[in-house]
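Down below is the structure, laid out as structure tokens.
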Amino acid sequence: MYHDELFLDCCALVRRAVADLSTNFGFKLGPGNQAYQLDTLPVRKSSVSELEPGDLVFYYGKYYSPTAKPQPGDVVHVEVFLGDELGTGPESVIGSRFGKERVTLYDSYQFVSKKWELLGYEFASIDTWLDGTLQNFNEERTWAAGRPVSASDRARAGGKYSLFAADAQNADDCEPNDVAADDGADD
Numbered sequence: 012m013y014h015d016e017l018f019l020d021c022c023a024l025v026r027r028a029v030a031d032l033s034t035n036f037g038f039k040l041g042p043g044n045q046a047y048q049l050d051t052l053p054v055r056k057s058s059v060s061e062l063e064p065g066d067l068v069f070y071y072g073k074y075y076s077p078t079a080k081p082q083p084g085d086v087v088h089v090e091v092f093l094g095d096e097l098g099t100g101p102e103s104v105i106g107s108r109f110g111k112e113r114v115t116l117y118d119s120y121q122f123v124s125k126k127w128e129l130l131g132y133e134f135a136s137i138d139t140w141l142d143g144t145l146q147n148f149n150e151e152r153t154w155a156a157g158r159p160v161s162a163s164d165r166a167r168a169g170g171k172y173s174l175f176a177a178d179a180q181n182a183d184d185c186e187p188n189d190v191a192a193d194d195g196a197d198d
């Protein structure tokens, strides 16, 4: 459960899957949340019917609580698409929805959150990752150590600590976090 050694929230589930397949991908994801993961996947699909097993469904939302930590780009959740081929139906996903619940197979990506109002979905192909490419494709956000970085922070850091830096030293700093804390990003 939530405090179990291998508890995974939504973005940690994706990090763990990529880490387990890192010899196939050629990289491991950094510790960033679901917005970071979305920013590294430039190929979008217009509907769930276009997704292939392993592609990702991202959720945009606004938290009901005024004290909830806002997420970059309002990306509040992510799940892995399975579909008919690997799941229980054409909209099947696997994910960690309800904070203190285990990773679960769901019949559909559609659900009502108790913590946030759904604003929309983003369906993203993982083909870029399968091609061995991990980089930020979102020009509006820069990431370092899995967190958005402001322009002043970028100027101070000079890009040296970017998750997307090519040198091996920075790549070593981008190990996945298998034990996820409840950062408020997930349901």
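Residue numbers for the sequence shown follow our numbering, so the first one is 12 and each next one is one higher.
Using N, Cα and C, we set each Cβ at its ideal position, and we do this for glycine too.
Alpha-carbon spacing of L117 relative to F69, whole angstroms: Taking the sequence shown and counting its residues from 1, one reaches residue 117 at position 106. Taking the sequence shown and counting its residues from 1, one reaches residue 69 at position 58. Checking the sequence shown, residue 117 turns out to be Tyr, not Leu. Looking at the two C-alpha atoms, the distance is approximately 15 Å.
Nearest candidate by alpha-carbon position, reference E96, set L62, W154 and E133: The residue you call residue 96 lines up with position 85 of the sequence shown. Checked all of L62, W154 and E133; the closest Cα to E96 is L62.
Whole-Å CB distance - E102 paired with S119, under 8 Å assumed: Working through the sequence shown from its first residue, we reach residue 102 at position 91. Working through the sequence shown from its first residue, we reach residue 119 at position 108. Correct: roughly 4 Å between the Cβ atoms.
Whole-angstrom C-beta distance between A46 and P83, which should lie under 8 Å: Counting from 1 along the sequence shown, the entry for residue 83 is found at position 72. Counting from 1 along the sequence shown, the entry for residue 46 is found at position 35. Yes, they are in contact, since the Cβ atoms of P83 and A46 sit about 4 Å apart, within 8 Å.
With 16 other Cβ atoms within 10 Å as the buried cut-off, status of T153: In the sequence shown, the residue the question calls residue 153 occupies position 142. Under this definition T153 is a buried residue.
Neighbourhood of D138 by C-beta distance below 7 Å, restricted to the same chain and skipping five residues each side: Sequence index remark: in the sequence shown, residue 138 carries index 127 (1-based). The residues are V54.
For G143, the three-state DSSP class (helix, strand or coil): For this step, residue 143 is matched to residue 132 along the sequence shown. It is coil, neither helix nor strand.
Any non-hydrogen atom of the ligand NAP closer than 6 Å to D138 Cβ: Judged by which ligands are present, the structure shown has none, so any question about the ligand NAP falls away.
Secondary structure of A46, DSSP reduced to three states: Taking the first residue of the sequence shown as 1, we reach residue 46 at position 35. Reduced to three states, the DSSP call for A46 is helix.
Cβ-based neighbour list, A177, same chain, cut-off 6 Å, excluding 5 preceding and 5 following: As a position in the sequence shown, residue 177 is number 166, starting the count at 1. With a pLDDT of 35 at A177, under the threshold of 50, the predicted position of this residue should be treated as unreliable, though the coordinate-derived value follows. Answer for A177: no residue qualifies.
Range covered by the beta strand (DSSP E) that runs through A135: Residue numbering aside, residue 135 sits at position 124 when the sequence shown is read from its first letter. It spans W127 to A135 - the beta strand (DSSP E) in which A135 sits, taken as one unbroken run.
C-beta atoms of L3 and S107 nearer than 7 Å: Look at the range of the chain in this structure, 12 to 198, and you will see that residue 3 is not part of it.
Residue environment, F148, which counts as buried when at least 16 other CB atoms sit within 10 Å: By one-based count along the sequence shown, residue 148 stands at place 137. Burial call: exposed.
C22 versus P42, E151 and G143, residue with shortest Cα-Cα distance: Position 11 of the sequence shown, counting from 1, holds the residue named residue 22. Of the listed residues, the one whose Cα sits closest to C22 is P42.
Anticipated Cβ contact below 8 Å, S200 with F134, distance rounded: There is no way to answer for residue 200, as the model of the chain reaches only from 12 to 198.
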